[in-house]
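Visitor:
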Amino acid sequence: PRHQVLQVFQVSLRLLVFLRLGHRGVRRRHRLLEHRRVLLPPRGRPLLLAHHIGHRGRRARYLLRLQPQTLAGVVEPPDAAGGGGGGVGLLSGAARLRQAQALAESAGAQRLPTVGVGANASRQRAPNDLGQFNNFSSYGVNATARWEVDLWGRASANAQAAGYDAQGAALDREAAQLSLAGTALNLQAQLIGLGHRLRLAKEALLVQNQLLDLVKARVGAGRGTAVDQARAEALVAQTSASVPALRNAACLTRLQLDLLRGQPPADCDKADSDPLPALPQPRLVSLGTLPNP
1 PRHQVLQVFQ VSLRLLVFLR LGHRGVRRRH RLLEHRRVLL PPRGRPLLLA HHIGHRGRRA
61 RYLLRLQPQT LAGVVEPPDA AGGGGGGVGL LSGAARLRQA QALAESAGAQ RLPTVGVGAN
121 ASRQRAPNDL GQFNNFSSYG VNATARWEVD LWGRASANAQ AAGYDAQGAA LDREAAQLSL
181 AGTALNLQAQ LIGLGHRLRL AKEALLVQNQ LLDLVKARVG AGRGTAVDQA RAEALVAQTS
241 ASVPALRNAA CLTRLQLDLL RGQPPADCDK ADSDPLPALP QPRLVSLGTL PNP
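Residue 142 in full-length UniProt numbering sits at position 142 of the sequence shown, and the numbers go up by one each step.
1. Measuring alpha carbon to alpha carbon, tell me which residue in S156, G168, G140 and N248 is nearest S122.
2. Check the C-beta distance from A157 over to G93 and give it rounded, since I have them as a contact under 8 Å.
3. So, with DSSP's three-state summary, where would you put P244?
4. Give me the Cα-Cα distance between R218 and T225, rounded to the nearest whole angstrom.
5. Have a look at A221 and Q238 and give me their C-alpha separation to the nearest angstrom.
6. What's the gap between the Cα of L205 and the Cα of V227?
7. State the Cα-Cα distance for the pair A155 and D129, rounded to the nearest angstrom.
8. So, helix, strand or coil for T183, using DSSP?
9. Going by C-alpha distance, which of E105, S240 and V236 is nearest A161?
10. Counting C-beta neighbours from all protein chains within 10 Å, is the total for V215 16 or more, i.e. buried, or is it exposed?
11. Cβ of Y139 less than 8 Å from any chain D Cβ?
12. Can you give me the C-alpha to C-alpha distance between L91 and N120, rounded to a whole angstrom?
13. Tell me, to the nearest whole angstrom, how far the beta carbon of Q188 is from that of L257; I am working on the premise that it is less than 8 Å.
14. Can you round the beta-carbon distance between A143 and V117 to whole angstroms, since I take them to be within the 8 Å contact cut?
15. Would you mind sorting A245 into buried or exposed? The rule is 16 or more other CB atoms within 10 Å of its CB.
16. Measuring alpha carbon to alpha carbon, tell me which of V243, A249, G262 and R96 ends up nearest A169.
17. Select from L198, A201 and A232 the residue whose C-alpha is nearest the C-alpha of Q210.
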């Protein structure tokens with residue numbers, strides 16, 4: 001009997017090792033897709049998300065090519081430490097995706113066979129009728145195997161629902177990345193436009209001040225009127241009032257972009273000092289070098 005028990009134990013142990021290695025091999029193959037493969041769809045076939053999110057991924061990469069430095073920190077996936085440039089939106093999306101994938105794996109595990117094995121040993125010392133003590137040793141081994149036959153499709157339906165949930169979580173995360181990329185690109189375009197408008201306003205103010213000096217000189221020489229001087233002063237005042245408004249708008253846009261990046265808000269003076277794409281520089285002529293009329 002002991003020999004038979006050992007044979008049963010060896011067979012059970014081999015069966016357990018075979019099933020465990022096979023299950024690990026399946027999990028290893030699933031992990032190769034790195035969050036783009038949802039486990040346990042109908043009939044046990046893997047459901048690939050690359051076809052569904054490929055189009056959105058291409059659009060996000062196109063936006064990254066437009067403004068790589070600005071958008072790279074916004075749509076980057078969060079790292080293992082919980083960082084990332086997307087803020088709370090992308091972090092929560094990544095957490096929901098991991099949760100959905102874990103639920104999909106759990107739903108698929110219910111369709112796999114369950115195998116258990118156990119062993120026990122005991123040793124007793126008891127007296128006999130003659131008052132002598134004898135030692136008794138006993139050994140036991142048991143093995144169990146269970147596999148639910150999915151006659152009505154309950155397990156497969158649960159696995160299919162979990163797979164679709166994981167697919168939806170992945171698509172939601174891609175949509176959040178695309179939305180953040182579009183918002184960052186819009187803010188960057190606004191900041192560039194405001195920077196150019198601010199620079200042109202300052203240059204126009206410089207030219208208008210020179211023109212005002214020229215008008216005052218003409219009025220002092222008796223060749224101009226007070227109306228001409230009032231018009232020049234009004235033009236200078238109008239341009240001077242537009243410069244602070246443009247600076248405040250650029251500062252607000254810079255703050256919004258920094259918050260979207262997950263960075264500390266920058267100083268308003270940074271809106272004037274940031275390098276911007278160059279515009280064609282007009283040829284300016286100093287009015288002081290013109291001959292007097």
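Just so you know, even glycine gets a beta-carbon here, dropped at the ideal spot from N, CA and C.
Guide: On the basis of the coordinates in this document:
1. Sequence index remark: in the sequence shown, residue 122 carries index 122 (1-based). Among S156, G168, G140 and N248, the Cα nearest to that of S122 is on G140.
2. Within the sequence shown, numbered from 1, the residue matching residue 157 stands at position 157. Within the sequence shown, numbered from 1, the residue matching residue 93 stands at position 93. The Cβ separation is near 26 Å, so there is no contact.
3. As a first step, residue 244 is located in the sequence shown; it is residue number 244 there, counting from the start. Here P244 sits in helix by DSSP.
4. Mapped onto the sequence shown, residue 218 falls at position 218. Mapped onto the sequence shown, residue 225 falls at position 225. Pairing R218 with T225, the inter-Cα distance amounts to about 8 Å.
5. Looking up residue 221 in the sequence shown gives position 221. Looking up residue 238 in the sequence shown gives position 238. A221 and Q238: Cα-Cα distance of roughly 26 Å.
6. Residue 205 sits at position 205 when you count from the first residue of the sequence shown. Residue 227 sits at position 227 when you count from the first residue of the sequence shown. One C-alpha to the other measures close to 20 Å.
7. On the sequence shown, position 155 is the one that residue 155 refers to. On the sequence shown, position 129 is the one that residue 129 refers to. Rounded to whole angstroms, the separation of the alpha carbons of D129 and A155 is 59 Å.
8. Within the sequence shown, residue 183 is the residue found at index 183, counting from 1. Note: T183 maps to helix in three-state DSSP.
9. By one-based count along the sequence shown, residue 161 stands at place 161. The shortest C-alpha to C-alpha distance from A161 to any of E105, S240 and V236 is the one to E105.
10. Translated into positions along the sequence shown, residue 215 becomes position 215. By the 10 Å Cβ count, V215 comes out buried.
11. As a matter of chain content, chain D is missing from the structure shown, which is built from one protein chain.
12. If you number the sequence shown from 1, residue 91 lands on position 91. If you number the sequence shown from 1, residue 120 lands on position 120. One C-alpha to the other measures close to 48 Å.
13. The residue labelled residue 188 in the question sits at position 188 within the sequence shown. The residue labelled residue 257 in the question sits at position 257 within the sequence shown. With 8 Å as the limit, Q188 and L257 qualify as a contact, their Cβ atoms being about 7 Å apart.
14. The residue given as residue 143 occupies position 143 in the sequence shown. The residue given as residue 117 occupies position 117 in the sequence shown. With a contact defined as Cβ atoms closer than 8 Å, A143 and V117 qualify at about 5 Å.
15. In the sequence shown, counting from the first residue as 1, residue 245 sits at position 245. Classification for A245: exposed.
16. Taking the sequence shown and counting its residues from 1, one reaches residue 169 at position 169. With distances taken between Cα atoms, A169 lies closest to R96.
17. Locating residue 210 in the sequence shown gives position 210, where the first residue counts as 1. Nearest option by C-alpha distance: A232.
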